[in-house]
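First up is the structure itself, then whatever we jot down about it.
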């Protein structure tokens, strides 16, 4: 099939290599606002520079502000579309895209790559198969080794919308439950540009699921040991942990401990490389077979509503029910 790719920044260039090597992709058409970059990537992977919408499917990896418009264009044309998160910066526009996608019946897959990570998939199976027993608590952590560029922070939407939205999505996917309420806080322990943008560089939250299960979550932009992403599911039969591999950036204080012995994960791209490849493959399979979306706009909206509730809680200093977050 012919696949169009819009946006050739860091994640877009990675997708270009994945798509060009995929056996289902007969021709890759790439496009970017930077024509020099478009030609460089096209030459490197053997793609054409042109109109990505002259394809059988479209992958969107452009800046956030363009996502909604491009998804709607694909829906209007009846072209299956994969778009990196988020759908849009806010609830109202995301809802508008969700409604339009529903009317068009076009395949729309929103990129939340953790759903395609082997560890998260195994944890989901263990919970659903009863190996964990009755779930009593969940803990999640997302910690970057270094902060993004200062110019990015005012445009990011804040740590809960930009970073922890992945935690909120994977929490729903693994447990099969909805978040009912959030009590969130944050601190600034690093560069001044976080506070200047109204954001925080360190985060924590207590979430309550719709069955009463308690979930704790932490985040940081300054995890000097490396990129650390984990999820712990503790139940009456077992405790299952995602991300506790030989490259987890931890140092044990126990004298006899030798784990972990591997090189710590440097960033999200290395940690989730296999998941990104699997996710693109799943999208292409759905296009070929007329299958379903593995992560719908509705899923993305649900995660965004939790992120909005978390940010509102942080700003007001009170618990916020997700039901309070409306258009």
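Numbering (my numbering), first residue to last: 8 to 334. A virtual CB, placed ideally from N, CA and C, is assigned to each residue, including glycine.
Three or more beta-carbon pairs separated by less than 8 Å are not found between the stretch 122 to 138 and the stretch 197 to 217, which leaves the two stretches without contact.
Per DSSP, the beta-bridge partners of residue 193 are 210.
Per DSSP, residue 8 has no beta-bridge partner at all. Taking a cut-off of 8 Å on C-beta distances, the stretch 108 to 122 does not touch the stretch 211 to 222, as fewer than three cross pairs fall below it. CA-to-CA, the gap between residue 242 and residue 114 works out to about 36 Å. A Cβ-Cβ separation of about 6 Å places residue 240 in contact with residue 134 under the 8 Å criterion. Taking residue 265 as reference, the option from 68, 256, 272 with the minimal CA-CA separation is 256. DSSP, read as helix, strand or coil, puts residue 38 in strand. With a beta-carbon spacing of about 7 Å, residue 220 and residue 145 fall inside the 8 Å limit used to define contacts. Across the structure, residue 175 and residue 310 are spaced so that their CA atoms are roughly 5 Å apart. DSSP places residue 73 within a helical segment (H, G or I) once states are collapsed to three.
Shortest Cα-Cα distance from residue 107 to any of 63, 331, 303, 314 involves 303. Beta-bridge analysis with DSSP links residue 91 to 118. For the set 208, 183, 143, the Cα lying nearest the Cα of residue 156 is the one of 208. With respect to residue 98, residue 334 sits close: the two C-beta atoms are nearer than 9 Å. Relative to residue 305, the option among 101, 90, 45, 38 whose CA is nearest is 101. For the 9 Å CB-CB criterion, residue 12 and residue 94 do not form a contact. Nearest to residue 248 by C-alpha distance, out of 315, 147, 168, 324, is 147.
If you look at residue 333, you'll find it isn't in any alpha helix (DSSP H); DSSP assigns it neither H nor E. In this chain, residue 103 is not harboured by any beta strand (DSSP E); it is covered by the alpha helix (DSSP H) spanning 98 to 111.
Of the candidates 55, 161, 9, the residue whose Cα lies closest to the Cα of residue 62 is 9.
About 12 Å separates the Cβ atoms of residue 21 and residue 281, ruling out a contact at the 8 Å cut-off. Under the three-state reduction of DSSP, residue 301 is assigned to coil, being neither helix nor strand.
Boundaries of the alpha helix (DSSP H) harbouring residue 286: 280 to 296, taken from the DSSP string.
In this chain, the alpha helix (DSSP H) harbouring residue 26 covers 17 to 28. Taking 9 Å as the cut-off, the beta carbon of residue 238 is found no closer than this to the beta carbon of residue 329. By the neighbour-count criterion, in which a residue is buried when 16 or more other Cβ atoms sit within 10 angstroms of its Cβ, residue 70 is exposed.
Put simply, the backbone Cα of residue 140 is about 52 Å away from that of residue 50. Scanning its chain for C-beta atoms nearer than 8 Å, with the 5 sequence neighbours on each side dropped, one finds around residue 166 the residues 193, 206, 207, 208, 210, 226, 228, in chain order.
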